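Shown next, in C-alpha cells, is the structure this report addresses.
2 protein chains.
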Amino acid sequence: MINVYLDHVLPQADSHPVPIYRAMRYSLFAGGKRIRPALVLMTAETLAGDPEELRAVAAAVEMIHTYSLIHDDLPSMDNDDFRRGNPTNHRVFGEAVAILAGDALLTAGLKLLSDAAYSAEIRCTLISQLTRAIGTEGMIGGQVLDILSESKVIDRVELEMLHGMKTASLIAFCAVAPAIVLQQGKDIESALGQYGEAIGLAFQIVDDILDVEGTTQSLGKTAGKDSKAHKATYPSLIGLPESKSLAADLIQSAILSIAPFDQRGYLTSFAKYILERKQ
Amino acid sequence: MINVYLDHVLPQADSHPVPIYRAMRYSLFAGGKRIRPALVLMTAETLAGDPEELRAVAAAVEMIHTYSLIHDDLPSMDNDDFRRGNPTNHRVFGEAVAILAGDALLTAGLKLLSDAAYSAEIRCTLISQLTRAIGTEGMIGGQVLDILSESKVIDRVELEMLHGMKTASLIAFCAVAPAIVLQQGKDIESALGQYGEAIGLAFQIVDDILDVEGTTQSLGKTAGKDSKAHKATYPSLIGLPESKSLAADLIQSAILSIAPFDQRGYLTSFAKYILERKQ
Chain A
1 MINVYLDHVL PQADSHPVPI YRAMRYSLFA GGKRIRPALV LMTAETLAGD PEELRAVAAA
61 VEMIHTYSLI HDDLPSMDND DFRRGNPTNH RVFGEAVAIL AGDALLTAGL KLLSDAAYSA
121 EIRCTLISQL TRAIGTEGMI GGQVLDILSE SKVIDRVELE MLHGMKTASL IAFCAVAPAI
181 VLQQGKDIES ALGQYGEAIG LAFQIVDDIL DVEGTTQSLG KTAGKDSKAH KATYPSLIGL
241 PESKSLAADL IQSAILSIAP FDQRGYLTSF AKYILERKQ
Chain B
1001 MINVYLDHVL PQADSHPVPI YRAMRYSLFA GGKRIRPALV LMTAETLAGD PEELRAVAAA
1061 VEMIHTYSLI HDDLPSMDND DFRRGNPTNH RVFGEAVAIL AGDALLTAGL KLLSDAAYSA
1121 EIRCTLISQL TRAIGTEGMI GGQVLDILSE SKVIDRVELE MLHGMKTASL IAFCAVAPAI
1181 VLQQGKDIES ALGQYGEAIG LAFQIVDDIL DVEGTTQSLG KTAGKDSKAH KATYPSLIGL
1241 PESKSLAADL IQSAILSIAP FDQRGYLTSF AKYILERKQ
C-alpha cells in the first residue's frame, strides 16, 4: 500500500522539467524495509483506525527517512558506497544531485503533510512534532553528535542521547502520529511515545550488534564500518552480551507501555521483530 | 526587527547538546541583505497589515534562503569559498556540518511556520505554498537545472525557467504570503505573485550582470565565477545591453501589477532597488 502510494505521489522519473525525480525514486524504491510506515499503519489499526487514513503520514516519514540515509551516506559524512545492497545515491548520481535529492525528499515529505486530508489543526500538529523529531533536537542533532563521536571518546550516557536523537525520535513520531490523527488523547500519545522511544533505541542497539555480527551480504551495506570508523557503539562500550540484554529489556518495557490497548498484539509483535531482525 | 527575531528563535551558539547552532548562526548572521524578509514586511505594510504579524514568515523565508546558500556553496555544487565577504560555511565548519546546518535551517524554517500564531488553515496554506516554491518545481529544481547547465548548452527559454524556479519562486512567495496571512483574497494574491515573479527574475538577471561588471570586493563573493564555470547567463546569451533592458522591462511590469494598491509606494521603490543594487 505504501509503495503504491509513494509511486503515486512522486512524479515519474523522467517527467518534465527536472531529472531529480530519478534520484529521489532510486533511493525511495531501493528495497527499504518500510519499518517506519509499517509502524504507522499498525499503530493505526491498533487504535481501531483505518490504515488508509494514515497513508500520507507513513509516506512522509519514509520520504524523510530516505532523505536522512542519502545525506548520511555522503562522502563527507559516513562515506558509504552501498545501501540496501545497491550503490548509494551519490555513487550513481553524483554528490550534488544526491544532496539535492535529499533536500527534495525532506521538502516533499513535509509538503505531503501540509496537503493531507486531515483538519488543518491536525496537519499543523503533525508538522510541528515531525520537524521537532527530525531537527536539531532530534535526528539532525543526533547525526551531528555521531560525526563528532568519531573524533572523541563518548560515554554510554552520550551514546544513548545520540541514538535517542538520531534514530528513536523519528520512530517515536511514527507511533505517536496515528494517535494525533485519530484524536486519542494525551495518555495514549504518551504511552505510544514511550513505546516508540524504547523500540527506537533498541533498533539502534540491534543495528550496532548486526554491524559486528552480520556480513556485508546479509546487511546490504558494508559490515564492520563502525569499528573501522572508531565509532562508539553499544558493543564497543558495554560488550555484546550486555548490549543484547539491554535491547531485550527495552523491548520488554516497550511492550509493557502499550499492553493496555494492544489487544490485537500488533505492536507487541512489531517490538519483537525489532529485536530479532537479522538485517 | 528580523535580526532580533531570528536571534530569539534560534538557540544560542553554545547551547546544549549539539554544536550545530553555531554553524546555523554563522551563515544566518553573515551580513545578508535580508531582501526576502524586507519584501515580506513591506508587502504587509502595503496591505495595511502589521509587519510584526509577518515576522514568522519573514524569518522562515530567510532561514530557508540561508539553507539554500549553504548547500549551493558546497564543493560538489558551486564550490564557493566566499559568501558575503566571509568564508563559506563548509570552509569554516567542514562539509558534513555545513550540509547538516542547511538541513537544519530548512527544517527549522518550516517548523517556525507550523508553530506560528496564525490560524491552522493559514499555517497549512503557507507551508504548502512555501514547500512548492522551494521544492522540485521551484528552488531545488532550479538548482538541478543550474548544475546541469554547466555541462550542456541551454537556450534563453531554459535559462528563464531555471531562474524562475531557482530564484523567482521563493521571492514570489515572499510577496504572496502576507496576502495569505492578511486574507486579502485571490486577486491580490495573484497580482503580488506576478510582481514577485517579475522582480525575482530581474533580481537574477541583475545578479548575472553584477557577476560580469562587479568586483569580488563589491560583491562579497567571487566575481566572474559564472563565465569561468561556463554557466549560461543572461549576459552570455543575449549580451549586456539587452540583459539590462530586459531587467528594466521586468521591473516596469512588476510595478504595473501592484500599482492599484501600492499607495505608499513601498513595493515600487523595492522593485527599483532590485534593478539598481550594486551588490
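For the record, the sequence lines run as chains A and B. Going by our numbering, the first sequence opens with residue 1, and the numbers climb by one from there. Going by our numbering, the second sequence opens with residue 1001, and the numbers climb by one from there. Beta carbons are placed, not taken as given, at the ideal position from N, Cα and C, and that holds for glycine. Just so we're clear, the structure is a prediction, and the values are computed from it rather than from any experiment.
Would you tell me roughly how many angstroms separate the C-alpha atoms of residue i and residue j, rounded to the nearest one?
| i | j | result |
| --- | --- | --- |
| S27 of chain A | L130 of chain A | 21 Å |
| A1098 of chain B | F261 of chain A | 44 Å |
| L145 of chain A | V1212 of chain B | 42 Å |
| I70 of chain A | I255 of chain A | 32 Å |
| I147 of chain A | I1205 of chain B | 40 Å |
| E242 of chain A | D208 of chain A | 12 Å |
| M161 of chain A | I238 of chain A | 16 Å |
| S1128 of chain B | A1060 of chain B | 13 Å |
| D1007 of chain B | D249 of chain A | 42 Å |
| F1020 of chain B | Q1252 of chain B | Just to set this straight, residue 1020 of chain B is Ile in the shown sequence, not Phe. The straight-line gap from Cα to Cα measures roughly 43 Å. |
| P1194 of chain B | A1172 of chain B | Note on residue identity: the sequence assigns Gln, not Pro, to residue 1194 of chain B. Cα to Cα, the separation comes out at about 7 Å. |
| H65 of chain A | L1170 of chain B | 25 Å |
| L1110 of chain B | A1058 of chain B | 12 Å |
| I122 of chain A | V153 of chain A | 42 Å |
| G1214 of chain B | R1277 of chain B | 11 Å |
| H90 of chain A | M165 of chain A | 25 Å |
| M1024 of chain B | A1013 of chain B | 8 Å |
| R156 of chain A | S1149 of chain B | 49 Å |
| K244 of chain A | L210 of chain A | 11 Å |
| K225 of chain A | T167 of chain A | 18 Å |
| L112 of chain A | M139 of chain A | 20 Å |
| I1283 of chain B | R1132 of chain B | Here chain B has residues from 1001 to 1279 only, and residue 1283 of chain B is not among them. |
| S151 of chain A | N1079 of chain B | 26 Å |
| Q1263 of chain B | G185 of chain A | 50 Å |
| S1190 of chain B | Q183 of chain A | 36 Å |
| M1001 of chain B | S114 of chain A | 28 Å |
| Y1005 of chain B | C1124 of chain B | 22 Å |
| L105 of chain A | L1105 of chain B | 15 Å |
| H230 of chain A | S1236 of chain B | 50 Å |
| T88 of chain A | L1240 of chain B | 43 Å |
| I1286 of chain B | Y1273 of chain B | As shown, chain B starts at 1001 and ends at 1279. That puts residue 1286 of chain B outside it, with no answer to give. |
Of all the options the options, which has the alpha carbon lying nearest to the alpha carbon of residue i?
| i | options | result |
| --- | --- | --- |
| L10 of chain A | B:G1224, B:T1136 and B:L1047 | B:T1136 |
| F1093 of chain B | B:G1200, B:G1196, B:E1189 and B:R1022 | B:R1022 |
| I1134 of chain B | A:D103, A:V57 and A:G164 | A:D103 |
| G196 of chain A | A:A58, A:E276 and A:I258 | A:I258 |
| E201 of chain A | A:I140, A:T125, A:A13 and A:L275 | For the record, residue 201 of chain A in the displayed sequence is Leu; it is not Glu. Taking only the C-alpha atoms, the option nearest L201 of chain A is A:L275. |
| A108 of chain A | B:G1141, B:I1199 and B:F1082 | B:G1141 |
| E1062 of chain B | B:K1033, B:D1081, B:A1198 and B:R1156 | B:K1033 |
| Q279 of chain A | A:F203, A:S236 and A:P235 | A:F203 |
| G1031 of chain B | B:R1083, B:S1015, B:L1210 and B:A1013 | B:R1083 |
| E158 of chain A | A:A175, A:Q184, A:Y234 and A:D187 | A:Y234 |
| H163 of chain A | A:S151, A:K244 and A:A232 | A:A232 |
| G85 of chain A | A:F29, A:S68 and A:I199 | A:F29 |
| N1003 of chain B | B:S1015, B:V1018 and B:I1035 | B:I1035 |
| V1018 of chain B | B:C1124, B:A1271 and B:A1101 | B:A1101 |
| Q1143 of chain B | B:S1068, B:A1271 and B:K1272 | B:S1068 |
| L126 of chain A | A:D81, A:A175, A:A198 and A:S151 | A:A175 |
| L192 of chain A | A:L106, A:Y5, A:M1 and A:A271 | A:A271 |
For a contact meaning CB atoms closer than 8 Å, what does residue i contact in chain C?
| i | result |
| --- | --- |
| V1097 of chain B | Looking for chain C here will not work: the only protein chains present are A and B. |
Residues within the segment 9–22 of chain A neighbouring chain B, beta-carbon criterion of under 9 Å: P11, P17, V18, P19, I20 and Y21
Validate contact between the segment 49–57 of chain A and the segment 113–121 of chain A using beta carbons, cut 8 Å, 3 pairs: Cβ pair count under 8 Å is three or more, so yes.
Segment contact, 8 Å Cβ cut-off, at least three pairs: the segment 1042–1050 of chain B with the segment 1169–1181 of chain B: Contact holds between the segment 1042–1050 of chain B and the segment 1169–1181 of chain B, because three or more Cβ pairs, one in each stretch, are under 8 Å apart.
Chain-ordered residues of the segment 128–140 of chain A with a beta carbon less than 7 Å from chain B: S128, T131, R132, I134, G135, T136 and I140
The segment 1266–1276 of chain B in contact with the segment 1031–1042 of chain B per 3-pair CB rule at 8 Å: yes
Cβ contact check for the segment 1095–1110 of chain B and the segment 73–83 of chain A: 3 or more pairs under 8 Å: yes
Under 9 Å (Cβ pairs) to chain B, residues found in the segment 43–69 of chain A: Y67 and S68
Residues within the segment 1105–1119 of chain B neighbouring chain A, beta-carbon criterion of under 7 Å: Identification of residues in the segment 1105–1119 of chain B having a C-beta nearer than 7 Å to some C-beta of chain A yields L1106, T1107, A1108, L1110, K1111, S1114 and D1115, given in sequence order.
Every unbroken beta strand (DSSP E) inside the segment 1234–1269 of chain B [3 residues or more]: Qualifying beta strand (DSSP E) stretches: none in this window.
Contiguous alpha helix (DSSP H) assignments of at least 4 residues, all confined to the segment 1055–1089 of chain B: 1055–1073
Selection of the segment 154–184 of chain A by Cβ proximity to chain B, strictly under 7 Å: M161
Segments assigned alpha helix (DSSP H), at least 4 residues, entirely inside the segment 1164–1209 of chain B: Those alpha helix (DSSP H) runs which fall completely within the segment 1164–1209 of chain B and span 4+ residues are 1169–1181.
Interface residues of the segment 183–205 of chain A facing chain B [CB-CB below 7 Å]: none
Complete runs of the alpha helix (DSSP H) confined to the segment 1097–1154 of chain B [at least 4 residues]: 1120–1134 and 1139–1148
Contact residues within the segment 1249–1264 of chain B, judged by C-beta distance below 8 Å to chain A: none
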